[in-house]
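Here's the structure we're looking at; comments come further down.
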Amino acid sequence: NRRVHKRKQRKNKGSEECRRHPLYVDFKDVGWNDWIVAPPGYQAYYCKGKCPFPLADHLNSTNHAIVQTLVNSVDPSAVPQACCVPTDLSAISMLYIDEKEKVVLKNYQEMVVEGCGCR
Amino acid sequence: GVTQHVPLTEDKKTQSKGTLSVSQLRAENKEAVKAFEKSLMTMFGLNSRPRPSTEIHIPQYMLDLYRQHTKEGEDIDINFNLKGKLTSTANTARSFQHQDPPDKGGGEYNTEDGSELLYFNVTNIPESEEITAAEIRLLREDIQNIESESQLSQRNKLFKKHRIDIYEIMQPATKNTVAITRLLDTRTVSFKDISWETFDVHPAVLKWRQSPSLNHGLQVRLSDHRGQPSTKIHTHLRLRRAVNTNEKSWNAKKPLLVTYSDDKKLYRERTRRGTNQQKR
Numbered sequence: 090n091r092r093v094h095k096r097k098q099r100k101n102k103g104s105e106e107c108r109r110h111p112l113y114v115d116f117k118d119v120g121w122n123d124w125i126v127a128p129p130g131y132q133a134y135y136c137k138g139k140c141p142f143p144l145a146d147h148l149n150s151t152n153h154a155i156v157q158t159l160v161n162s163v164d165p166s167a168v169p170q171a172c173c174v175p176t177d178l179s180a181i182s183m184l185y186i187d188e189k190e191k192v193v194l195k196n197y198q199e200m201v202v203e204g205c206g207c208r
Numbered sequence: 008g009v010t011q012h013v014p015l016t017e018d019k020k021t022q023s024k025g026t027l028s029v030s031q032l033r034a035e036n037k038e039a040v041k042a043f044e045k046s047l048m049t050m051f052g053l054n055s056r057p058r059p060s061t062e063i064h065i066p067q068y069m070l071d072l073y074r075q076h077t078k079e080g081e082d083i084d085i086n087f088n089l090k091g092k093l094t095s096t097a098n099t100a101r102s103f104q105h106q107d108p109p110d111k112g113g114g115e116y117n118t119e120d121g122s123e124l125l126y127f128n129v130t131n132i133p134e135s136e137e138i139t140a141a142e143i144r145l146l147r148e149d150i151q152n153i154e155s156e157s158q159l160s161q162r163n164k165l166f167k168k169h170r171i172d173i174y175e176i177m178q179p180a181t182k183n184t185v186a187i188t189r190l191l192d193t194r195t196v197s198f199k200d201i202s203w204e205t206f207d208v209h210p211a212v213l214k215w216r217q218s219p220s221l222n223h224g225l226q227v228r229l230s231d232h233r234g235q236p237s238t239k240i241h242t243h244l245r246l247r248r249a250v251n252t253n254e255k256s257w258n259a260k261k262p263l264l265v266t267y268s269d270d271k272k273l274y275r276e277r278t279r280r281g282t283n284q285q286k287r
């Protein structure tokens, strides 16, 4: 029973940790499908989760985030916890009609979250 | 792969906890919504939200370019790396369809010497963007669809090859003077070839952008294998709308100008980062 309890605790802790979550941005939902020709939407993802003490390596944390988390663990009122933010982003291409009704294809950088970490 | 649909607005559970939805926010604070939309438009490099009419034709080339650049399973490169084109630093491709020049009505082009006038309005390219390449794309149609077999074989014998010259009009012709032009690109083609032909017009587009008043258009001259103007050749180069062609079909065949540019955003960020590092 103790083993099962510990496994559950670990699993819960893991799901609460800072990680990438799916977020599909549908251009129809935001009313942009009249000027964005392609894609109809894209998987943007978002970062959410806790940055607990001590910060694990896989959380892609910076030296500053480690120090901040350490201070937070001693006195939470002195400094807030490090934030779970995107650490690696990639580009998407968008085919759209601009204000002058010309067709434009543009590559936008930093639109898709590839990795999250504590910063 | 499989995409999970998660709408941008918060779900009902979250809304009941007190989070504002976009519609609620719109009703309560129009200013905030305006500011939010403005910041998004700035991010996309637009001055305002485009409100296009429903009749806009999307050129097939732009769709193909999009598909080619977003191949499944491959990472999207921030720049277009197109073979044989100076597009390695370009992250934007813009298309312009041929239109009537501002000072002339439609269908007044002089075709007596076997030439056609093409005009493209390139004034909407943002000043901050650096144009790295520009080309015009002309369609060479299958003339077998147009002419009978006997006519075709006769023409093929006489005019196996013909030349397409693209000139920039430096000064338009007047009653007393002829037009002053400069050659931008040339190509010898065969009647048998059926495809889109591209011609480099980068120098002209750079000039038009700097001084829009100097944009008098491009002149396309067609000549036969002997170098004679092809006044009598029923060329298969689609430069003007045929009588029996409907609007939709003509839009798909219209001459197209494509510019490739760099919005300099990536460069600016790198520079800013570099300067900060130096300061530190």
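Just so you know, the protein sequences line up as chains A and B, in that order.
Just so we're aligned, residue 90 is where the first sequence starts under this note's numbering, counting upward by one.
Just so we're aligned, residue 8 is where the second sequence starts under this note's numbering, counting upward by one.
All C-beta atoms in this analysis are idealised placements derived from N, C-alpha and C, irrespective of residue type, glycine included.
Query: Is it the case that the CB of Pro219/B approaches a heavy atom of the ligand SAM more closely than 7 angstroms?; Result: As far as ligands go, the structure on display features none, and thus does not contain the ligand SAM.
Query: Measuring only between beta-carbons, confirm whether Glu105/A sits less than 8 angstroms from chain B.; Result: no
Query: Looking at chain A, is there any beta carbon in it that lies within less than 8 angstroms of the beta carbon of Ile143/B?; Result: no
Query: Using the three-state DSSP reduction, which class does Asp107/B fall into: helix, strand or coil?; Result: coil
Query: Give the straight-line distance between the Cα atoms of Thr61/B and Glu175/B, rounded to the nearest whole angstrom.; Result: 33 angstroms
Query: With a threshold of 16 other CB atoms inside 10 Å of the CB of Tyr197/A, please say whether the residue is buried or exposed.; Result: buried
Query: Step through the CB atoms of chain B and report whether any lies within less than 8 angstroms of the CB of Pro175/A.; Result: no
Query: For the region 196 to 253 of chain B, which segments carrying the beta strand (DSSP E) assignment without a break, of at least 3 residues, lie completely within its bounds, in sequence order?; Result: 203 to 207, 225 to 231
Query: When DSSP builds the beta bridges, which residues end up paired with Gln75/B?; Result: Paired residue(s): none; Gln75/B is not in a bridge.
Query: Using DSSP's beta-bridge definition, name the partner residues of Thr266/B.; Result: Arg101/B, Ala141/B
Query: For Asp200/B, which option in Ile132/B, Leu145/B, Gly91/B has the closest C-alpha, if you only look at C-alpha atoms?; Result: Leu145/B
Query: With a threshold of 16 other CB atoms inside 10 Å of the CB of Val163/A, please say whether the residue is buried or exposed.; Result: exposed
Query: Report the option in Lys90/B, Lys271/B, Thr252/B, Leu246/B whose CA atom is closest to the CA atom of Leu264/B.; Result: Leu246/B
Query: Taking the straight line between their C-alpha atoms, what separation do you get for Thr94/B and Gln67/B?; Result: 19 angstroms
Query: Taking 8 angstroms as the threshold (beta carbon to beta carbon), is Glu137/B in contact with chain A?; Result: no
Query: Hey, would you say Asn98/B sits closer than 8 angstroms to Asn86/B, going by beta carbons?; Result: yes
Query: Say whether chain C places a C-beta atom closer than 8 angstroms to the C-beta of Val202/A.; Result: No chain C is present in this structure, whose protein chains are A and B.
Query: Does chain B have any CB closer than 8 angstroms to the CB of Lys191/A?; Result: yes
Query: Give a yes or no on whether the minimum CB-CB distance between Asp269/B and chain A is below 8 angstroms.; Result: no
Query: In whole angstroms, what separates the C-alpha of Pro141/A from that of Asn149/A?; Result: 13 angstroms
Query: Between which two residues does the beta strand (DSSP E) containing Lys137/A stretch?; Result: 135 to 137
Query: At the level of alpha carbons, what is the spacing between Asn122/A and Glu38/B?; Result: 23 angstroms
Query: Is Leu59/A close to chain B, meaning its C-beta is less than 8 angstroms from at least one C-beta of that chain?; Result: Only positions 90 to 208 of chain A appear in the structure, and residue 59/A is not among them; the question remains open.
Query: Tell me the residue span of the beta strand (DSSP E) that contains Lys168/B.; Result: 168 to 178
Query: In whole angstroms, what is the alpha-carbon distance linking Val192/A and Arg194/B?; Result: 27 angstroms
Query: Cβ closer than 7 angstroms: which chain B residues qualify as neighbours of Lys195/A?; Result: Asn98, Thr99
Query: Tell me whether Lys45/B sits in a helix, a strand or coil according to DSSP, three-state version.; Result: helix
Query: Ends of the beta strand (DSSP E) at Thr181/B?; Result: Where Thr181/B is concerned, there is no enclosing beta strand (DSSP E), given that its DSSP letter is neither H nor E.
Query: Short of 9 angstroms Cβ to Cβ, which residues in the region 73 to 95 of chain B face chain A?; Result: Tyr73, Arg74, His76, Thr77, Asp82, Ile83, Asp84, Ile85, Asn86, Phe87
Query: Please identify the residue among Val174/A, Gln157/A, Ile181/A whose C-alpha is closest to the C-alpha of Ser166/A.; Result: Gln157/A
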